[in-house]
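There are 2 protein chains.
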Amino acid sequence: MAATDWQTATATLRLAGQLVDGIQEGLAARGFTDIRPAHGYLFAALSTDMTTAGIAVALGITKQATAQLVDTLVERGYLSRQPDPRDGRAHLVVLTDRGYACTQAAEQAASDVVNGWHDQVSKADFARFSHTVHTIAKPGPLRPSW
Amino acid sequence: MAATDWQTATATLRLAGQLVDGIQEGLAARGFTDIRPAHGYLFAALSTDMTTAGIAVALGITKQATAQLVDTLVERGYLSRQPDPRDGRAHLVVLTDRGYACTQAAEQAASDVVNGWHDQVSKADFARFSHTVHTIAKPGPLRPSW
DNA sequence: CATAGTAGACAAGTATCTTGACTATATAGA
DNA sequence: TCTATATAGTCAAGATACTTGTCTACTATG
Numbered sequence: 120m121a122a123t124d125w126q127t128a129t130a131t132l133r134l135a136g137q138l139v140d141g142i143q144e145g146l147a148a149r150g151f152t153d154i155r156p157a158h159g160y161l162f163a164a165l166s167t168d169m170t171t172a173g174i175a176v177a178l179g180i181t182k183q184a185t186a187q188l189v190d191t192l193v194e195r196g197y198l199s200r201q202p203d204p205r206d207g208r209a210h211l212v213v214l215t216d217r218g219y220a221c222t223q224a225a226e227q228a229a230s231d232v233v234n235g236w237h238d239q240v241s242k243a244d245f246a247r248f249s250h251t252v253h254t255i256a257k258p259g260p261l262r263p264s265w
Numbered sequence: 120m121a122a123t124d125w126q127t128a129t130a131t132l133r134l135a136g137q138l139v140d141g142i143q144e145g146l147a148a149r150g151f152t153d154i155r156p157a158h159g160y161l162f163a164a165l166s167t168d169m170t171t172a173g174i175a176v177a178l179g180i181t182k183q184a185t186a187q188l189v190d191t192l193v194e195r196g197y198l199s200r201q202p203d204p205r206d207g208r209a210h211l212v213v214l215t216d217r218g219y220a221c222t223q224a225a226e227q228a229a230s231d232v233v234n235g236w237h238d239q240v241s242k243a244d245f246a247r248f249s250h251t252v253h254t255i256a257k258p259g260p261l262r263p264s265w
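In structure tokens form, the structure reads like this:
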């Protein structure tokens, strides 16, 4: 029996929810208990030498919301703000060692979850699934699902 | 080049986010502009003759949070509360006509998004994708991704 | 050098949850 | 039947993750 589009949609949403929960649990198991999913999305958007405004664009949220998340992560020792040598108004947001360790742990936790998927279907099915997801998920900001 | 597990994970999260955004836009296009994703999750959890407490279990959130969402949807004309003939403490939450129309619109909007996926890959790839998603997404509450 | 644009901070408000405490009703056991 | 316990729902307060609006300091353009 073929699944309806609606069933495919809800299964996709459940899968994403379970992935987020799995990453969250994996981070907690690795000692990062003060990180929430929203912080993970920020980490994922972070590349080198980004300003708050740049992160806001990458995340698709406002500068103010970004600044609040960055504030929290600076307080908790995951990020620091450095003056931008090329712009007196701006600060560059950089990962601390702890922040880098956290991103590594998050990637491992995500990998563990995806490996669990791998074990439930054939190698060929998983490869097709992965390929299809990459094909149909448009590039763009990685944001919370609301 | 095979994608890493991390890339598969992030693509899955982007896909889910785009699905939620698409449903949201589809609902707005059909005239339901005062519905938010959290309300959609509640609609999805709703079957006939459910109490607030039952919905809370189905959604995986507290009774209080459920009651607040139901309050909002009653105010906006999507739901009504009826006394439960079998339990003097309880109220049955039922869809109004408008609420039913909204769930239909949401399913159509979701279907439109999934059809967009369909068009980007072969029929066989989509069928495998759909099957794999159903296999690896564990049953359980359909909740927001954080 | 004047003007317009951008980075970020400050303040207030909204949506979606949480925990804790409470009332009213239901149910199960002595 | 009476009592103890569990459950449905409400009220209140607080946390998190956003929003809009406003403002200052600095940059860039012409």
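In order, the protein sequence lines correspond to chains A and B.
Taking this note's numbering, the leading residue of the first sequence gets 120, the next gets one more, and so forth.
Taking this note's numbering, the leading residue of the second sequence gets 120, the next gets one more, and so forth.
Glycine included, each C-beta is placed from N, C-alpha and C at the ideal position.
Please list, in chain order, the chain B residues whose beta carbon lies closer than 7 Å to that of A/ALA130. Chain-order list of chain B residues neighbouring A/ALA130: VAL252, HIS253 and ALA256, by C-beta distance under 7 Å.
Does the separation of the CB atoms of A/VAL212 and A/LEU165 fall below 8 Å?
Contact: yes.
Coil, strand or helix - A/LEU134 by DSSP = Note: A/LEU134 maps to helix in three-state DSSP.
| Who are the Cβ neighbours of A/ALA228 in its own chain at under 6 Å, not counting the five residues just before and after it? | Hits under 6 Å: ILE142, GLY145 and LEU146.
**Prompt:** A/LEU261 bridges to which residues according to DSSP?
**Reply:** In DSSP, A/LEU261 forms no bridge with anything.
Can you tell me whether B/GLU194 is buried or exposed? The criterion is at least 16 other CB atoms within 10 Å of its CB, across all chains shown. That one is exposed.
Per DSSP, what kind of secondary structure is A/LEU192 in: helix, strand or coil? Here DSSP, grouped into helix, strand and coil, assigns A/LEU192 to helix.
CA-to-CA distance, A/ASP238 to B/HIS210, given in whole angstroms:
Distance between the alpha carbons of B/HIS210 and A/ASP238: 44 Å.
Review point. Can you tell which of A/HIS158, A/ALA148 and A/ASP206 has its C-alpha closest to the C-alpha of A/ALA186?
Key: That would be A/HIS158, whose Cα lies nearest to the Cα of A/ALA186.
Requested in this report: Taking only the alpha-carbon atoms, compute the straight-line gap between A/LEU214 and A/SER230 and give it to the nearest angstrom.
Outcome: Rounded to the nearest angstrom, the two C-alpha atoms are 21 Å apart.
**Prompt:** From A/PRO204 to A/LYS182, what does the alpha carbon distance come to, in whole angstroms?
**Reply:** Rounded to the nearest angstrom, the gap between the Cα atoms of A/PRO204 and A/LYS182 is 20 Å.
request  = Return no unless some Cβ of chain B is closer than 8 Å to the Cβ of A/GLY145.
outcome  = No - not a single Cβ of chain B is within 8 Å of the one on A/GLY145.
| Where B/GLN201 falls: helix, strand or coil (DSSP) | Strand at B/GLN201.
Can you look up A/LEU214 in the DSSP assignment and give me helix, strand or coil?
Correct three-state label for A/LEU214: strand.
ask   = Cβ-heavy atom distance between B/PRO260 and the ligand FMN below 7 Å?
value = This structure simply doesn't include the ligand FMN, nor any ligand for that matter.
Item to complete: With a threshold of 16 other CB atoms inside 10 Å of the CB of B/ASP168, please say whether the residue is buried or exposed.
Response: Exposed: under 16 other Cβ atoms inside 10 Å.
(request) At 7 Å on the CB atoms, spell out the chain A contacts of B/ARG208, in chain order. (result) Result: empty, since nearest Cβ-Cβ is about 31 Å, beyond 7 Å.
- request: Would you mind working out which of A/ALA220, A/GLY173, A/ALA225 and A/ILE180 sits nearest B/ALA128, comparing C-alpha positions?
  value: The shortest C-alpha separation from B/ALA128 is found at A/ALA225.
task = Reducing DSSP to helix, strand and coil, say where B/THR129 ends up.
result = Helix at B/THR129.
query: Quick one: is A/ARG262 buried, meaning 16 or more other Cβ sit within 10 Å of its Cβ, or exposed?
result: Residue burial is scored here from C-beta neighbours: A/ARG262 has at least 16 other C-beta atoms within 10 angstroms and is therefore classed as buried.
task = Using a Cβ cut-off of 8 Å (strictly closer), state whether A/THR167 contacts chain B.
result = Not an interface residue.
**Prompt:** Roughly how many angstroms lie between the CA atoms of B/THR123 and A/LEU188, to the nearest whole one?
**Reply:** The straight-line gap separating the alpha-carbon atoms of B/THR123 and A/LEU188 is approximately 28 Å.
* Asked: Taking just the CA atoms, how far does B/ASP206 sit from A/GLY173?
  -> Looking at the two C-alpha atoms, the distance is approximately 55 Å.
Quick one: does A/VAL139 have its CB under 8 Å from some CB of chain B? A/VAL139 counts as touching chain B.
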